[in-house]
Structures are given as C-alpha cells and as structure tokens.
Amino acid sequence: MTYGKTYPVTSIEEGAFLRCNNLTDVIIPNSVAWIEGSAFEGCHSLEEVIIPNSVAWIEVSAFNDCRSLKKVIIPNSVTWIGRYAFSRCHGVTEIAISNSVASIEEYAFSSCRSLKEVTIPNSVVSIGTGAFHYCEGLKKVTLGESLKTIGESAFMRSGLEGTLTIPASVTEIGRDAFTHTKITTVYLEGSLNPAWQSGVFPDGVTFIEHSGFTSKKPAASAFKSAFTGSEVAAPAPATASCADGVLTLNNLDGKTVMLVPVNRRQPVVRFTVSGNEMQKVVALTPGFYILYAGGTTVKFVVR
36 MTYGKTYPVT SIEEGAFLRC NNLTDVIIPN SVAWIEGSAF EGCHSLEEVI IPNSVAWIEV
96 SAFNDCRSLK KVIIPNSVTW IGRYAFSRCH GVTEIAISNS VASIEEYAFS SCRSLKEVTI
156 PNSVVSIGTG AFHYCEGLKK VTLGESLKTI GESAFMRSGL EGTLTIPASV TEIGRDAFTH
216 TKITTVYLEG SLNPAWQSGV FPDGVTFIEH SGFTSKKPAA SAFKSAFTGS EVAAPAPATA
276 SCADGVLTLN NLDGKTVMLV PVNRRQPVVR FTVSGNEMQK VVALTPGFYI LYAGGTTVKF
336 VVR
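Its first residue numbered 36, the sequence shown is counted upward by one per residue in this note's numbering.
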C-alpha cells in the first residue's frame, strides 16, 4: 500500500464487519458492486446504512441480526436480495424495495417485527420461502403485477389483516404462505384454477371474490394449502334441517340467512343467526327451500 493513495473498494467481502457491535452507521461508496454474505451480520448497534446505486447484489445474511437498523432503502441497481439478507432486523419500520429487484429470496426479511407495511414492486417475480415470516407488525402488503410465485410460509405469522389482493400474474402460492394471519377477505384479480383437490381456509377468512377459482387455463399449481397449517382446523360444516315447523341451524352463528323458495311464488325470508339456534318457520308455505348463508347452500323441505 502506498501512503496517501486511495484504493477503490469494489466489494465488501464475506464477514468483513461481522459482529462489530460498536458500529452505528455506514456509508458504502459508489464503487461497491456487491455486498457479500454476513458482511454486517450481528452489528447490533448499526442504525443506518446507505446502499449506493452501484450495488447489484445483497448476499446471504448481509445485514442479518442488525437489530437497531431502522430503515432499509434498496437502490435501483439491486436485482437480487439474498437469503436472510435483513432477517431479524427487529427495529426496521420501513423497507423501500426498488423496481429493479427481481427476486426476494428465502427469509430475506423474516422477523422484522417492527415493519408495518411493504410494497412489492412490479419487477419482483418471486417471493421466497418465509421471506416475511414472523413480521408480526406487518399489517399490509401490496403485491406487484409481475409476481408469479409466493413461497411456502412467505407471510406466515405476520400481522397481515383485512383484505389481501392476489394479482392476476400469480400462478403458485406455497403451503402455509398466509397461515396464522388475520386476513378476512381475499380478492383474486385473475381467474386462477387451483391444483388442489381439497383445502381449508382459516376461520378468519369471510369472503373470496365471486368466480375467483375458475379459469379457462388451469394454472400449474395455485393456492395449494396456502392458507392452512397444522394448527388450523377445518371449520365445522353448516347444516340446516326442518321438522315440525322448526328450522334447526348449526355452525352459522352471526351469518345472515336467506331462505329462497324453489317455486319462487313465496317471498324470500332473511334473518341473522345467533348461536346454534332453532328458528321457527311455521309461517313458511310447505315446499322446497334453499338456504344461503356464509357461502353455505342447504336444501330443506317444509312439510
């Protein structure tokens, strides 16, 4: 090395700053093209890092377990985010993923517990296994329109709630991808045809868009047990029966029931179920009826 001469840094090598616990901030120069595996892993005091537009790859566990990191901005030059790249960054509240990223690998952002919202840009075609697993504070995710694959357990045990929109580009959703979340409504923008033969949605899901599982072209694999898990039991089937003028309803608590006479000559009857109740229907004209409630259809006879 010559005194006073500056040497350009083209990469930050594997483990270069591994467990440098007193490191609080880093400015990476524009000459750096890639950040190698575990380069800053375990830097518990690191609060800020500026990644320049020269970086193309962020390798495996590059910033894993940087617990004090608050914000992650992925520049436009990055095309690949490696496995565990930002895993266990418990303090991260914001992640900005650029439109150049094509793949988010396994567990890349897992256990980022303070992350509240994330937008997957249109450039991303795959989200790896467990990519946002255990992001307990994550309430909302927006999925890009080029996304094809959502890996197993990708958002498992995250804080996702309310409505989830699956873009038309998606052809495969892995097992347990959204298990143990608080998602209640699933919108499918495309017409996807799942490859499953049987499946169970968690009790929290109350609505799936009309005709969401129909398609002219079957997808290779879609929605295979995506919302299920070993701890999620199949909901008990709803039943309805009528005897001696009394309609007995089971497992329809809180659902709005609509009774439609088959002959269409009688008025439609609507009411809300409370518990497993026995509803008197003596006023109904004898005949065949169809009951609609919470996606359940039951035929019964009033004699």
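Yeah, the Cβ is synthetic: ideal placement off N, Cα and C, and Gly gets one too.
Since we're looking at a predicted model, the values are computed, not measured.
Proximity below 7 Å, CB of residue i to CB of residue j
| i | j | result |
| --- | --- | --- |
| V44 | S66 | yes |
| D100 | R118 | no |
| I185 | A143 | no |
| I130 | V153 | yes |
| S96 | S73 | yes |
Alpha-carbon spacing of residue i relative to residue j, whole angstroms
| i | j | result |
| --- | --- | --- |
| Y222 | L284 | 29 Å |
| K151 | E141 | 20 Å |
| A51 | G126 | 22 Å |
| T206 | E94 | 27 Å |
| T200 | S135 | 22 Å |
| L53 | V308 | 60 Å |
| L195 | E83 | 26 Å |
| I86 | I155 | 19 Å |
| R148 | E187 | 19 Å |
| N157 | S46 | 28 Å |
| P110 | A68 | 12 Å |
| E8 | A137 | In the structure as shown, the chain starts at 36 and stops at 338, and residue 8 therefore has no counterpart that could be examined. |
| T354 | S112 | Missing from the structure shown is residue 354; the chain here goes from 36 to 338 and no further. |
| R210 | A189 | 9 Å |
DSSP three-state assignment for residue i, whether helix, strand or coil
| i | result |
| --- | --- |
| L294 | strand |
| V56 | Here residue 56 turns out to be Asn, not Val, going by the sequence shown. N56: coil per DSSP, three-state reduction. |
| C277 | strand |
| I132 | coil |
| L154 | Before going further, note that residue 154 is Thr rather than Leu in the sequence given. Strand. |
| T198 | strand |
| A139 | It should be noted that the sequence gives Ile, not Ala, for residue 139. Looking at I139 - three-state DSSP - the assignment turns out to be strand. |
| S122 | coil |
| S161 | strand |
| S73 | coil |
6 Å CB neighbourhood of residue i in its chain, flanking five on each side removed
| i | result |
| --- | --- |
| T274 | N285 |
| R192 | Y169, H215 |
| T198 | T220 |
| I62 | I85 |
| G179 | I155, P156, N157, V159 |
In DSSP terms, what residue i is bridged to
| i | result |
| --- | --- |
| N285 | T274 |
| T219 | For T219, which the question treats as bridged, DSSP gives no partner whatsoever. |
| K175 | E152 |
| V84 | V61 |
| K106 | E129 |
| E207 | T184 |
| S46 | W69 |
Cβ neighbours of residue i in the same chain (closer than 7 Å, five flanking residues each side left out)
| i | result |
| --- | --- |
| P64 | V44, P87 |
| C55 | C78 |
Residues of its chain near residue i, where Cβ-Cβ distance is below 8 Å and the 5 sequence neighbours each way are ignored
| i | result |
| --- | --- |
| W115 | A91, W92, I93, V136, A137, S138, E140 |
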